[in-house]
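Beneath this line is the structure, given in structure tokens, with notes to follow.
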Amino acid sequence: MLAGTRVLVGAQNMHWEDEGAWTGEVSPLMVTDCGAELVEIGHSERRASFGKTDETVALKVEAALRHGLIALICVGDTKAEHEAGATAEVLARQTRLALGRVGRQAIGRVLIAYEPAWSIGEGGVPASPEFADEQHRRLKAVAAEVAGADLPMIYGGGVNLQNCRNLALQPHIDGLFVGRAAWRAGDFIEILHRVAGASMH
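For the sequence shown, position 42 matches number 25 in our numbering, and the numbering has no gaps at all.
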């Protein structure tokens, strides 16, 4: 149904090995066999609840590119890290390590999503557009150091009908990573309309 459209199908997680005794995991071969073109790697919930580390994220990014998938790498700070003023340091470390095994191969094959753990889910507080943009500016510089070129940076964390346009207008935010606001199809479509309107200015 999506053939010939600009919509990509993706998986929310993937193991780094093609095969082996990894009961319960999804291999890159399974992801590509389903026709997916993109895989989300390193989401904050996977890091917090399932023990994913910067090293396993790097292994998964390498595997995704090896199989021709686009890697959507999630980076983010916890509430404690944010309150301690460590956001920039944490994001830089996560980004450098995530790209460390692929380097310049990341160009055109990797998207990075900044998703503050303190802004997602029920009770989350969205980052201000200005704060999010500043983190994206810093992340773009870090990615350019490792990959040799700018990589697309998208923001996810409490994106909603009220803030989507202002977020989309920020100079260093290349797109939005919509979560709970996409649960209702009508709301998601309205976000698309508002962001499209903002991009024409």
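Cβ coordinates follow ideal geometry from the N, Cα and C atoms, glycine included. Being a predicted model, the structure only gives us computed values, none of them experimental.
| query | result |
| --- | --- |
| Taking the alpha helix (DSSP H) that L12 falls in, what are its first and last residues? | P11 to D16 |
| For the alpha helix (DSSP H) that contains A126, what are its first and last residues? | P112 to A130 |
| Could you give the C-beta distance for R92 and I53, rounded to a whole number, given that I count them as a contact under 8 Å? | 6 Å |
| Does DSSP classify L144 as helix, strand or coil? | coil |
| Would you mind stating whether L152 and A179 have Cβ atoms separated by less than 8 Å? | no |
| Does DSSP put V93 in a helix, in a strand, or in coil? | strand |
| Any idea which residues DSSP pairs L42 with across the strands? | Its beta-bridge partners do not exist; DSSP assigns none. |
| One question on the structure: do A31 and I56 come within less than 8 Å of each other, judged by their Cβ atoms? | no |
| Are L144 and I174 closer than 8 Å when you measure CB to CB? | yes |
| Looking at the strands, I want to know which residues DSSP matches up with L159. | Y138 |
| Does the distance from the C-beta atom of M(-3) to that of K43 stay below 8 Å? | yes |
| Which residues bound the beta strand (DSSP E) around A54? | I53 to V58 |
| To the nearest angstrom, report how far apart G7 and R29 are at their CA atoms. | 14 Å |
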